[in-house]
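Residues 1 to 402, numbered by UniProt numbering, are exactly what the sequence shown covers, in order.
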Amino acid sequence: MPKNPLSLRRFPGPVRTLVSCLTAVALAVTGIYLVGPWSSGSPVPTGRPRPIGKPVDVPGRTVTVLGAGDILVHPELWDQARRDGRGQLDFAPMLAPARSAVESADLALCHLETPVAPPGGPYIGFPRFSVPREVVQGIKSVGYDGCSTASNHSIDQGYDGVKRTLDALDAAGLGHTGTYRTARDATRPRIYPVDGVRIAHLSYTKSFNGLRPAAGQAWIANLIDTDKIKKDAARARAVGAEIVVVSLHWGTEYEHEPDADQQTWAREVAELRNVDLVFGHHAHVVQPVERIGDKWIVYGMGNQIARHAEPVNANRDGAMVRVTFGPAGVAKRWKVRAVEALPTFVDLNPDIRLIDLEQALADPALSPGRRRIYEAAVERIQGNLLTRAAGEAGLVVRGTGG
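Structure follows, in structure tokens:
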């Protein structure tokens, strides 16, 4: 979708920064995290102010939100980043093939699963990650606007790891939700203004791999609790959110089908009036998409980028999911108009690269061998996405013709 020419993404960096800062100062007293830069997929509406949360039905007016799989930084990834940076750490080249898809959305949300290390390290892989902070600049370079950060690895490095990660995201101009520096921060909804539409992003995880927050710091990272999600979504609406997106780090690793807990939580969250969309993470393989009532549940998008000890096709497959919302008339909520999945694949040779499969397959210069690998990946991804009747409900898997 072409960007609105009035979008702040079209202005020079200093102008975006100035406008963002002025807006943030003006809204700080409200207890809202309002972040930028902002983008738009439709003309800026004019005329009389409209009530927050009650969109006027403007024909053709839409806003798109994109979610992506886990960014799980294994040692092989920072080794690749060092090669790409010629001694420095540069994660941008391995993520760059996804830029076009990410920038196609008005709001692009990543999932940063691992905490970052102090500058220069030491860097640690599984099971208690502490990864190069340069990955955050790589995320920014692709065009993401923010990240969910609640995961089973959120507190691998305790409070210091959480703070370092949030500091790095702030320094890069990226929004974040799911982990917090203070109890007060944990009560403030993360809201992105997108072409006059306020979109809230909430993030929760099922566990911390047996770790516990320090005494008095239960607020440091969100655990999945339907009552809490209900309260947080209501709070976001109360301060002006018109669309509420929830990221859930859940499920059983390497299992394509949603487990019993996922299915229960999906039904419970789908019943929450103030939640519009769920993006799922954690399984490291692609899981299905399902429409429950009028809510879309994306159970798992696989890995955005990772390099597991045993790299098999399943944990190299991924999907970005782009959801288009449109207003449903005066005094009604924004509703999902379209859902698209954009298959991805992690190439390991000769370099580690995230591949946008639709884009790659459109290249006539692609070798026959690569084409076979990529076509097989698209077929696997499509099969896993559609096991819960999402195709009949309207999901379109890109790169497959349907």
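Each residue gets a CB set at the ideal place from its N, CA and C atoms; glycine is no exception.
What you are looking at is a predicted structure, and each value in this text was computed from that prediction instead of being measured.
Near residue i, what residues of its chain come up, given a Cβ to Cβ distance below 6 Å and the 5 sequence neighbours on each side ignored?
i	result
Ala186	Tyr180, Trp219
Ile199	Leu107, Tyr192, Ile243
Gly178	Ser148, Thr149, Ala150, Ser203, Asn222
Val135	Val73, Phe91
Thr165	Pro115, Val116
Ser247	Ser148, Ser203, Phe279
Ala241	Ile191, Arg198, Ala200
Would you kindly report the start and end of the unbroken alpha helix (DSSP H) that includes residue i?
i	result
Ala81	75-84
Val162	158-171
Lys228	226-238
Ile199	Where Ile199 is concerned, there is no enclosing alpha helix (DSSP H), although the beta strand (DSSP E) it sits in stretches over 197-205.
Gly179	Going by the sequence as given, residue 179 is Thr instead of Gly. Neither: Thr179 is in no alpha helix (DSSP H) and is coded neither H nor E.
Trp265	260-270
Gly383	368-385
Glu255	No alpha helix (DSSP H) holds Glu255; DSSP gives it neither H nor E.
Glu340	Counting along the chain, Glu340 falls outside any alpha helix (DSSP H), though it belongs to the beta strand (DSSP E) covering 334-347.
Gly391	390-393
What does a CB cutoff of less than 7 Å around residue i pick up in its chain, not counting 5 residues either side in sequence?
i	result
Gly399	Pro343, Leu357, Glu358, Leu361, Val378
Gln262	Trp250, Gly251, Tyr299
Tyr159	Ala214, Gln217, Ile220
Val312	none
Arg235	Pro189
Asp259	Gly251, Thr252
Between the options, which lies nearest to residue i when the distance is taken from Cα to Cα?
i	options	result
Gly138	Val102, Asn152, Glu310	Val102
His282	Gly383, Lys206, Gly161	Lys206
Arg82	Arg133, Val65, Val239, Thr62	Arg133
Pro122	Glu113, Gly394, Gly69, Pro75	Pro75
Met94	Val142, Ala68, Arg61	Val142
Leu395	Tyr374, Ile381, Ala338	Ala338
Glu268	Val285, Gly293, His284	Gly293
Val285	Arg370, Gln382, Val275	Gln382
Asp195	Thr62, Gln88, Arg371	Thr62
Phe345	Ile297, Met301, His111, Gln88	Met301
Does the distance from the C-beta atom of residue i to that of residue j stay below 8 Å?
i	j	result
residue 405	Ala314	For the chain, the structure presents residues 1 to 402; residue 405 sits outside this window and is missing.
Gln287	Gly251	yes
His153	Asn209	yes
Gly272	Gln304	Checking the displayed sequence, the identity of residue 272 turns out to be Leu instead of Gly. No, the Cβ-Cβ distance between Leu272 and Gln304 is not below 8 Å.
Asp232	Leu277	no
Gln80	Asp351	yes
Arg291	Ala376	no
Ser130	Pro115	yes
Arg322	Glu310	no
Thr64	Ala98	no
Lys230	Ala270	no
Ala172	Lys140	yes
Ile155	Leu211	yes
Glu113	Asp70	yes
Leu77	Arg316	no
Val239	Leu109	no
Hey, quick one: how far does the beta strand (DSSP E) through residue i stretch, first residue to last?
i	result
Tyr192	190-194
residue 403	Any property of residue 403 remains undetermined from this structure, which presents the chain solely from 1 to 402.
Ile155	Looking at the DSSP string, Ile155 is not in any beta strand (DSSP E), and its letter there is neither H nor E.
Skipping 5 residues on each side, what residues in its chain have a beta carbon closer than 8 Å to that of residue i?
i	result
Thr387	His256, Glu257, Pro288
Lys163	Arg181
Gly175	Tyr33, Val35, Asp145, Gly146, Cys147, Leu169, Arg190, Tyr192, His201
Ser100	Asp356, Gln359
Trp265	Ile224, Thr226, Leu248, Trp250
Tyr374	Phe345, Ile355, Leu357, Ala360, Leu361, Leu366
In chain order, which alpha helix (DSSP H) runs of at least 4 residues are fully inside the stretch 290-319?
313-316
Considering only residues of the stretch 67-150, which uninterrupted beta strand (DSSP E) runs meet the minimum length of 3 residues and lie entirely inside it, listed in chain order?
107-112, 146-148
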